[in-house]
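Sequential numbering from 0 applies to the sequence shown in numbering that gives the first Met the number 0. Glycine included, every Cβ here is placed at the ideal spot set by N, Cα and C. For clarity, every value in this text was computed on a predicted model and none was experimentally measured. See structure below.
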Amino acid sequence: MMNITARQETFRMVVDILSTLVEEARFNFEEDKLVVRVVDPSHVAMIQLEVDSAAFESYDVTESVLGLELSKISKLVQLAGAGDLIVINYNDSVGKVEFQVGEIERTIRPLDRQNMQEPNVPELDTDISVSLSGAKFARALKAADQVGDLVIFSIDQNRFSVNVTGESDAVNVSYDAG
0 MMNITARQET FRMVVDILST LVEEARFNFE EDKLVVRVVD PSHVAMIQLE
50 VDSAAFESYD VTESVLGLEL SKISKLVQLA GAGDLIVINY NDSVGKVEFQ
100 VGEIERTIRP LDRQNMQEPN VPELDTDISV SLSGAKFARA LKAADQVGDL
150 VIFSIDQNRF SVNVTGESDA VNVSYDAG
């Protein structure tokens, strides 16, 4: 069972970030957070996304795992205006996800999650980490996606950068430390 209300901006950010790597994702709705892990088809890049339940307007969840097509969710989110709320309901016995955006109600059948592998998260020992708002990261990935597919992330003590060089264009998005 799941009943969630999210601002359009929150759900759009989640979908935009995931869409940069994959077309479908396995959403793990845990009691206190949403967890999504995806790996691109060539197994080069991975996103582990955790959204705390406090980021939602309401979050009433008995643990649920749903496989969803991101293009369908993206189109639905585009129907919502800035500040609009998106209500998401799921009941295991019905087997369909109900979305409500204002007066619009849409029902989507989830993907068979048995065919969706949960990627293993590698153990990494890093000396530097980055904390960045999802909105800023989504914007950087959108800018990168406009230029090319090979994204280079670089980090040092002073700056985190997202860089892409295409055949005729380039983009660099940098965030200073602090």
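- About 20 Å separates the beta carbon of residue 3 from that of residue 46, a gap too long to meet the 8 Å contact definition.
- Here the C-alpha atom of residue 55 lies approximately 28 Å from the C-alpha atom of residue 175.
- For residue 6, the closest of 83, 35, 51, 40 by C-alpha to C-alpha distance is 83.
- Residue nearest to residue 160 within the set 67, 97, 142 is 142 (criterion: CA-CA distance).
- If only complete runs of 4 or more residues are kept, the segment 84-130 shows no alpha helix (DSSP H) anywhere.
- In this structure, residue 85 places its C-beta atom within 8 Å of the C-beta atom of residue 76.
- A residue is called buried when at least 16 other Cβ atoms come within 10 angstroms of its Cβ; residue 12 meets this threshold and is buried.
- Under DSSP, residue 47 takes part in a beta bridge, and its partners are 36.
- One thing to note: residue 27 has its Cβ no nearer than 8 Å to the Cβ of residue 50.
- Here the C-alpha atom of residue 35 lies approximately 16 Å from the C-alpha atom of residue 111.
- About 6 Å separates the CB atoms of residue 69 and residue 24; that is less than 8 Å, so the two are in contact.
- In this chain, the beta strand (DSSP E) harbouring residue 175 covers 169-175.
- In this structure residue 10 is buried. Its beta-carbon is surrounded by 16 or more other beta-carbon atoms within 10 angstroms.
- Within the segment 0-33, the beta strand (DSSP E) runs of at least 3 residues that lie entirely inside it are, in chain order, 1-6, 23-28.
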